[in-house]
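K.L.:
Residue numbers (the UniProt record's numbering): 1 to 378. We treat Cβ as the ideally placed atom computed from N, Cα and C, and that holds for glycine.
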Amino acid sequence: MWAATCQGFIYTCGGTLKGRNGTIESPGFPYGYPNGANCTWVIVAEEGNRIQIIFQSFAVEEEYDFLSLYDGHPHPANFRTRLTGFQIPAPVTSTGSVFSLRLTSDFAVSAHGFKIYYEELQSSSCGNPGVPPKGILYGTRFNIGDKIRYSCVTGYVLDGHPQLTCVTNTGNTAVWDFPVPICRAEDTCGDTLRGSSGIISSPNFPSEYYNSADCTWTILADPGDTISIIFTDFQTEEKYDYLEVEGSEPPTICQSKTLKTLPASKLMPIPVPERLWLHIALDFVTDLPCSEGNTTILTVVDRFSRAVRFIVFPSLPTAFQTAETLFMQVFQIFGIPEDILSNKGPQFMPRVWSAFLERIGVTHISRFTSGYHLQSNG
Ligand SMILES: [Ca+2]
C-alpha cells in the first residue's frame, strides 16, 4: 500500500489486487478524495485472462483531477486513457492479464471520487459492454455466441446496431462484433462529444438518414491532443449529400501545446490567501430541466474555504453577462479575486476579465494575471 500525507492527514491508497473480482474505491469515497492524491491500483489476473472494469460511480474535478488507465503495469508506454469529469464512463477491458489505474488530484477542489467493479474475463467472454445513457440492455450473458440487444427509453432513438454478437477475432479473443449504439433525443441530430473515444452515427443508422438533415458533431479533446476519425461505414447520396470535416484553427493548437507542457501532476502547496474569495472557480451547469425559466446554473466556489454561491440563468450567459453578474453578486460583496478558473474554453476567462475591466471603467492595462492554472478546465 502507498501512503501519503495531505494537510496533516495520513491516508493510504492504491495497492495490488488479485482475485476473480472485487471493487475499488477512491480514498474517502463518496465524501471526496484528498488533494495531492497519487494512488495506483494494479489488478493482476490469471495468465491468459483479461480484466474488465465497470464504473458504478464516477466524479472527479474535470480537467484537474484524473483517473489514468494503463493496459499493463503503470508505465507511460502502457498508457490507455485518462478519465475526468462527472459522467460514468463505459466499461473498459484490458488486452492482457494486468490492468492499472492511477488517481491524481491537484492542489484544490475535490469530488465524490469513484467506485469501480472489476472482474476477470476468460478468453471466451466478451464482458459486459455497458449501457449508453438513456439506453436499455437486454441480455445478461456475454460469452462467445451470445447475443444482446439495445433499445432506448421513450423520446430517444437508437443510432448504431441494435444487436451485438460476441464473436472470436483473428487473435482468438472474444469481442463484440459492433460498438455499443447510442441513444439520441428524437428529432435531433449532432452532438458534442468528449472522452478518449466514441461513436458517431448518422440519424437512424444503419437505416437511411432523413432528407434535409443538417447535423453537426463537435469532438473535444485535451489541449495538444489530436483527434483521429475512423470510418467503419460510409454511404451518402452522391453529389447531393455530404459530410464536411473541419479541424480547429492552428493558433488554438499552438497555444494549447505550450499549456500542455505545464507539470500537471506536480503537487503544489495551497497558498493561504489573505482573505476568502481570492481564488475562485466557476462551473457552468447547462441544459438543466427548465425551472422558473432558468436552465443554467453558475457555481462560484471559493477554492480555499469551498464556500459556494449558485447563480441561475435562463441560458448560457455571455462573457459580458458573466462579468456583470460576478461583479454584482460576488465581487461587490467579497472583493475582487486574484484568479478565476472556469470550465469553459480557454478564451472565456480573458473575455470575462476584459468585460469586467470595461465595466469598472479601466480602459488601459499593461498586464493582468490570468491565475494559477493557466489552462482552463473546459
Ligand atoms: Ca482537484
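(1) Which residues end up in the neighbourhood of ligand 1 when you take C-beta atoms closer than 5 Å to any of its heavy atoms?
(2) For residue 75, count the other beta carbons within 10 Å of its own beta carbon; 16 or more makes it buried, fewer makes it exposed. Which is it?
(3) Could you work out which residue in 72, 327, 236 is closest to residue 335 when comparing CA atoms only?
(4) Apart from the five residues just before and just after residue 49, which ones in its own chain have a Cβ nearer than 8 Å to its Cβ?
(5) What does DSSP give as the partner residue(s) for residue 100 in the beta ladder?
(6) Helix, strand or coil for residue 351? Go by DSSP, reduced to three states.
(7) In terms of residues, what are the limits of the alpha helix (DSSP H) holding residue 323?
(8) Just confirm the distance between the C-beta atoms of residue 113 and residue 32, as a whole number of angstroms; I'd bet it's less than 8 Å.
(9) In angstroms, rounded to a whole number, what distance separates the CA positions of residue 41 and residue 222?
(10) Within its chain, find whatever has a CB closer than 6 Å to the CB of residue 206; leave out the 5 residues flanking it on each side and keep chain order.
(11) Give me the residue from 191, 88, 176 with the minimum Cα distance to residue 183.
(12) Assess contact between the segment 159-173 and the segment 53-72, defined as three or more Cβ pairs (one per stretch) separated by less than 8 Å. Is contact present?
(13) Here's the rule: buried if 16 or more other CB atoms are within 10 angstroms of the residue's CB, otherwise exposed. What is residue 63?
(14) With H, G and I counted as helix, E and B as strand and the rest as coil, what does DSSP make of residue 330?
(15) Does the distance from the C-beta atom of residue 426 to that of residue 285 stay below 8 Å?
(16) With a cut-off of 8 Å, do at least 3 Cβ pairs link the segment 141-149 to the segment 185-200?
(17) With a threshold of 7 Å on Cβ separation, who are the neighbours of residue 94 within its own chain once the five nearest residues in sequence on each side are excluded?
(18) Using the C-alpha atoms, what's the distance from residue 293 back to residue 213?
(19) Could you tell me whether the segment 126-141 touches the segment 105-112, using the rule of 3 or more Cβ pairs below 8 Å?
(20) If you follow the beta strand (DSSP E) that residue 86 is in, where does it begin and where does it stop?
(21) Cβ of residue 99 within 8 Å of Cβ of residue 53?
(22) Give me, in chain order, the residues of the same chain whose beta-carbon lies closer than 7 Å to that of residue 19; leave out the 5 immediate sequence neighbours on both sides.
(23) Closest by CA to residue 166, which one among 356, 187, 128, 322?
(24) Check the DSSP bridge columns for residue 105 and list the partner residues they point to.
(25) Out of curiosity, what's the CA-to-CA distance linking residue 209 and residue 115?
(26) Round the Cβ separation of residue 130 and residue 91 to the nearest angstrom and send it over; I've been treating them as touching at under 8 Å.
(27) By the 10 Å Cβ neighbour count, where 16 or more other Cβ atoms means buried, how is residue 188 classified, buried or exposed?
(28) Determine the burial state of residue 211: buried for a count of at least 16 other Cβ atoms within 10 Å of its Cβ, exposed for fewer.
(29) Since residue 383 and residue 199 are thought to touch, with beta carbons under 8 Å apart, how far apart are those beta carbons, to the nearest angstrom?
(30) Just how far apart, CA to CA, sit residue 352 and residue 304?
(31) Please tell me whether residue 82 and residue 66 are closer than 8 Å, where the distance is taken between their beta carbons.
(32) What is the DSSP secondary structure of residue 80, counted as helix, strand or coil?
(33) In the DSSP assignment, what are the bridge partners of residue 163?
(34) What would DSSP say about residue 359, mapped onto helix, strand or coil?
(35) Measure the CB-CB distance between residue 278 and residue 337 and report whether it falls below 8 Å.
(36) Sort 203, 232, 333 by Cα distance to residue 177 and report the nearest one.
P.N.:
To lay it out plainly:
(1) Ordered along the chain, the selected set is 61, 64, 65, 105, 106, 109.
(2) Against the sequence shown, residue 75 aligns to sequence position 75. Exposed, because fewer than 16 other Cβ atoms sit within 10 Å of the Cβ of residue 75.
(3) On the sequence shown, position 335 is the one that residue 335 refers to. That would be 327, whose Cα lies nearest to the Cα of residue 335.
(4) As a working mapping, residue 49 is identified with position 49 in the sequence shown. Leaving aside the five residues that flank residue 49 on each side, the residues in its chain whose CB is nearer than 8 Å to its CB run, in chain order, 97, 120, 121, 122, 123.
(5) Translated into the one-based positions of the sequence shown, residue 100 becomes position 100. Answer by DSSP bridge pairing, in chain order: 42, 70.
(6) In the sequence shown, the residue the question calls residue 351 occupies position 351. DSSP places residue 351 in helix when its eight states are reduced to three.
(7) Here the question's residue 323 lines up with position 323 in the sequence shown. Looking at the DSSP string, the run of the alpha helix (DSSP H) that includes residue 323 is 319-326.
(8) Start at 1 with the first residue of the sequence shown, and residue 113 comes out as number 113. Start at 1 with the first residue of the sequence shown, and residue 32 comes out as number 32. For a cut-off of 8 Å, the C-beta gap from residue 113 to residue 32 is around 7 Å, short enough to register as a contact.
(9) Locating residue 41 in the sequence shown gives position 41, where the first residue counts as 1. Locating residue 222 in the sequence shown gives position 222, where the first residue counts as 1. Computed Cα separation, rounded: 24 Å.
(10) Counting from one through the sequence shown, the residue named residue 206 turns up at place 206. Around residue 206, the same chain offers no residue with a beta carbon nearer than 6 Å, after the five sequence neighbours per side are excluded.
(11) Mapped onto the sequence shown, residue 183 falls at position 183. Nearest option by C-alpha distance: 191.
(12) Three or more beta-carbon pairs separated by less than 8 Å are not found between the segment 159-173 and the segment 53-72, which leaves the two stretches without contact.
(13) The residue labelled residue 63 in the question sits at position 63 within the sequence shown. Classification for residue 63: buried.
(14) Along the sequence shown, one-based indexing puts residue 330 at 330. It is helical.
(15) With the chain covering only 1 through 378, there is no way to say anything about residue 426.
(16) Inter-segment contact for the segment 141-149 and the segment 185-200 is absent: fewer than three beta-carbon pairs are separated by less than 8 Å.
(17) Mapped onto the sequence shown, residue 94 falls at position 94. These residues qualify, in order along the chain: 50, 51, 71.
(18) Counted from its first residue, the sequence shown places residue 213 at position 213. Counted from its first residue, the sequence shown places residue 293 at position 293. The straight-line gap from Cα to Cα measures roughly 30 Å.
(19) Contact fails: fewer than three Cβ-Cβ distances are below 8 Å.
(20) Your numbering for residue 86 matches position 86 in the sequence shown. Per DSSP, residue 86 belongs to no beta strand (DSSP E) and is neither H nor E.
(21) As a working mapping, residue 99 is identified with position 99 in the sequence shown. As a working mapping, residue 53 is identified with position 53 in the sequence shown. Against a cut-off of 8 Å, the Cβ pair of residue 53 and residue 99 comes out as a contact.
(22) For the purposes of this step, residue 19 is taken as the residue at position 19 of the sequence shown. Taking residue 19 as the centre and dropping the five residues before and after it, the same chain places no C-beta closer than 7 Å to its C-beta.
(23) In the sequence shown, the residue the question calls residue 166 occupies position 166. Checking every option, the nearest Cα to that of residue 166 belongs to 128.
(24) Stepping through the sequence shown from its first residue, residue 105 is reached at position 105. Looking at the DSSP assignment, residue 105 forms no beta bridge with any residue, so it has no partner.
(25) In the sequence shown, counting from the first residue as 1, residue 209 sits at position 209. In the sequence shown, counting from the first residue as 1, residue 115 sits at position 115. The straight-line gap from Cα to Cα measures roughly 39 Å.
(26) Here residue 130 corresponds to residue number 130 of the sequence shown, with the count starting at 1. Here residue 91 corresponds to residue number 91 of the sequence shown, with the count starting at 1. Contact between residue 130 and residue 91 holds: CB atoms are separated by about 4 Å, below the 8 Å threshold.
(27) For the purposes of this step, residue 188 is taken as the residue at position 188 of the sequence shown. If you draw a 10 Å sphere on the C-beta of residue 188, you find fewer than 16 other C-beta atoms in it, and that means exposed.
(28) Here residue 211 refers to the residue found at position 211 when the sequence shown is read from its first residue. Around the beta carbon of residue 211, fewer than 16 other beta carbons sit within 10 angstroms, so the residue counts as exposed.
(29) For the chain, the structure presents residues 1 to 378; residue 383 sits outside this window and is missing.
(30) Along the sequence shown, one-based indexing puts residue 352 at 352. Along the sequence shown, one-based indexing puts residue 304 at 304. Rounded to whole angstroms, the gap between the alpha carbons of residue 352 and residue 304 is 22 Å.
(31) Along the sequence shown, read from residue 1 onward, the residue named residue 82 stands at position 82. Along the sequence shown, read from residue 1 onward, the residue named residue 66 stands at position 66. Yes, they are a contact pair.
(32) Position 80 of the sequence shown holds residue 80. For residue 80, the three-state secondary structure derived from DSSP is strand.
(33) Within the sequence shown, numbered from 1, the residue matching residue 163 stands at position 163. Beta-bridge pairing links residue 163 to 149.
(34) The residue labelled residue 359 in the question sits at position 359 within the sequence shown. In the structure shown, residue 359 sits in a helix (DSSP, three-state: H, G or I).
(35) Translated into positions along the sequence shown, residue 278 becomes position 278. Translated into positions along the sequence shown, residue 337 becomes position 337. Between residue 278 and residue 337, the gap from beta carbon to beta carbon is short of 8 Å.
(36) In the sequence shown, residue 177 corresponds to position 177, counting from 1. Comparing C-alpha distances from residue 177 to each of 203, 232, 333 shows the shortest one belongs to 232.
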